[in-house]
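See below for the structure under consideration.
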Amino acid sequence: MSTKKATSALISVFHKDGLEPIVRKFDELGITIYSTGGTEKFIKELGIEVVPVEDVTSYPSILGGRVKTLHPKVFGGILNRQDNENDVNQLKEFDIPQLDIVIVDLYPFEKTVASGASEQDIIEKIDIGGISLIRAAAKNYKDVLCVSSMEDYSDFLEVISKDNGNTTLEDRKQFAAKAFNVSSHYDSAIFNYFNQDEKPVLKISETNGKELRYGENPHQKGYFYGDFEAMFDKLHGKELSYNNLLDVDAAVNLMTEFKGDAPTFAILKHNNACGLAQRDTIHQAYVDALAGDPVSAFGGILISNVEIDKATAEEIHQLFCEVVIAPSYSSDALEILKGKKNRIILVQNDIELPNKQVRTCLNGLLVQEKDNRTDSIEDLQYATEKQPTQSELDDLIFASKLCKHTKSNTIVLAKNKQLCASGTGQTSRVDALNQAIHKANHFNFDLNGAVMASDAFFPFPDCVEISHKNGISSVIQPGGSIKDQLSIDYCNENNVSMVMTGTRHFKH
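My numbering numbers the first residue of the sequence shown as 1 and each following residue consecutively.
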């Protein structure tokens, strides 16, 4: 039967928030309520009649509450098929009450793990009875409606109220789908907690999903799964698009390299930085970042590692940009930036980012650790007779940080902690270098005394030769080619310093 009148309900929840209106509605509709422990006490205190589960099972709650509802008289009442004559007869034979509604709110396992609780406390928050009730009720959705989360209380109250306790098959099936979403997510969280040695098994479960306007292009559907609100406070602007989110991700990852450093500003377009500068003030950092490529900056993503002030906001306001990100804004700056109704303004919160990257590949997935290695002066091997000056060392590390976050093959040219130009996503390293030189010249950068960073080794000395002839004085690269010596020899013969990091930073 598609429509079913509810006459009985089992309620066993951890959180009681929002439960009272449901209990009172049950009482109004004459629905018999069965319950246990703290939930039973909560209902009694409301002055509403409730039948203890122990009265049905003839067993008390045992083992410190670990076993309460795990009994045939409970699960028989949930799993029986009302259109099966044998099932109905067995209910009568064993005096098992039919249960039409099951409301369960699971122990907060994920919150307990996140709180840093002891292992014993975490283990005790692995729900056994609750998860079993959810699965049983959802499986038998033809006869039972399962409410598996307090987040669904308002929807359920609306369903149960609209037709005096009658529920449709469609209602019950929708709640069953939600229930299996809850149970599968819960089990994935438990597995991931126990999977400390990282067996080659992947379980990803995200319950916070949001449909985007579209995907990478208007004819593609797009979704974001994650807790965006935990990472950002959105102060102004339109909804973020799929491409916006990708660019914001690239911007955040790049600026992580400069956390706690002097004021640093970056401008990104299509996941790559087109401007980056570090200065004594954030205003000057923005001005010099914009100078790196004012053409590509149009419609870009802007990010700062310090508060954006009024002077900087006034400069930004002259540029059409999609998103501005900063840890904070002065009140004057915020008012100025809000002057464009669609401009997205984000405050970045300090939260831990995932340590793994996942992407689809062929008929499966690729998973890797995030590239969390940042090149430092302490890592450097001085490959040439001439060593870099302190100023050159600072520029080399600056360029290397940016190189790590630029699409391969890439070459980055920098001077005085400012991006002069980069060659991005080229099939040849020489092409990437030539692209960078062309852009630097186009925007009138003087490359004499600039430095060059490469995301991978030079298989031939052509790149150091081209860069030297265009004024580059120092080079940073991973090294590791069987022909490293050819590049070293050229540098020694032409008074160019070169350091090697030993770490490749491909980004595809």
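Quick reminder that beta carbons are idealized off the backbone N, C-alpha and C, glycines included.
Whole-Å CB distance - residue i paired with residue j, under 8 Å assumed
i           : j           : result
residue 231 : residue 349 : 6 Å
residue 274 : residue 300 : 7 Å
residue 229 : residue 213 : Residue 229 to residue 213, Cβ: 18 Å. No contact.
residue 201 : residue 172 : Wrong, their Cβ atoms sit about 33 Å apart, outside the cutoff.
residue 323 : residue 353 : Rounded, the Cβ-Cβ distance is 18 Å, inconsistent with contact.
residue 36  : residue 12  : 5 Å
Residue i, enclosing alpha helix (DSSP H) - first and last residue
i           : result
residue 89  : 85 to 93
residue 130 : 129 to 139
residue 400 : 390 to 404
residue 434 : 429 to 442
residue 166 : Looking at the DSSP string, residue 166 is not in any alpha helix (DSSP H); the run it does join, the beta strand (DSSP E), is 166 to 168.
residue 497 : Element bounds for residue 497: not the alpha helix (DSSP H) but the beta strand (DSSP E), 497 to 500.
Test item: CB-CB of residue i and residue j under 8 Å
i           : j           : result
residue 126 : residue 190 : yes
residue 287 : residue 384 : no
residue 404 : residue 424 : no
residue 76  : residue 96  : yes
residue 40  : residue 52  : yes
residue 290 : residue 317 : no
residue 152 : residue 15  : no
residue 4   : residue 195 : no
residue 100 : residue 9   : yes
residue 18  : residue 150 : yes
residue 393 : residue 450 : no
residue 389 : residue 409 : no
residue 509 : residue 257 : Nothing can be reported for residue 509, as the shown portion of the chain is limited to 1 through 508.
residue 310 : residue 328 : no
residue 122 : residue 193 : yes
residue 204 : residue 251 : no
residue 482 : residue 399 : no
residue 416 : residue 395 : yes
One or two residues paired with residue i in a DSSP bridge
i           : result
residue 115 : DSSP output for residue 115 lists no bridge partner at all.
residue 458 : None; residue 458 has no bridge partner.
residue 11  : 35, 103
residue 193 : Residue 193 pairs with nothing; no bridge assigned.
residue 266 : 276, 303
residue 326 : 347
residue 452 : 413, 475
residue 255 : BP columns for residue 255 are empty, so no partner.
residue 419 : 414
Exposed unless 16 or more other CB atoms sit within 10 angstroms - verdict on residue i
i           : result
residue 507 : buried
residue 468 : buried
residue 429 : buried
residue 140 : buried
residue 351 : exposed
residue 292 : buried
residue 130 : buried
residue 186 : buried
residue 381 : exposed
residue 359 : exposed
residue 259 : exposed
residue 23  : buried
residue 223 : exposed
residue 342 : exposed
Range covered by the beta strand (DSSP E) that runs through residue i
i           : result
residue 347 : 344 to 348
residue 213 : Here residue 213 belongs to no beta strand (DSSP E), and DSSP marks it neither H nor E.
residue 317 : It is not in any beta strand (DSSP E) - residue 317 carries neither H nor E in the DSSP assignment.
residue 150 : Where residue 150 is concerned, there is no enclosing beta strand (DSSP E), given that its DSSP letter is neither H nor E.
residue 364 : 364 to 369
residue 236 : 232 to 236
residue 359 : 356 to 361
residue 5   : 3 to 5
Cβ-heavy atom distance, residue i to the ligand ATP, below 7 Å
i           : result
residue 479 : This structure simply doesn't include the ligand ATP, nor any ligand for that matter.
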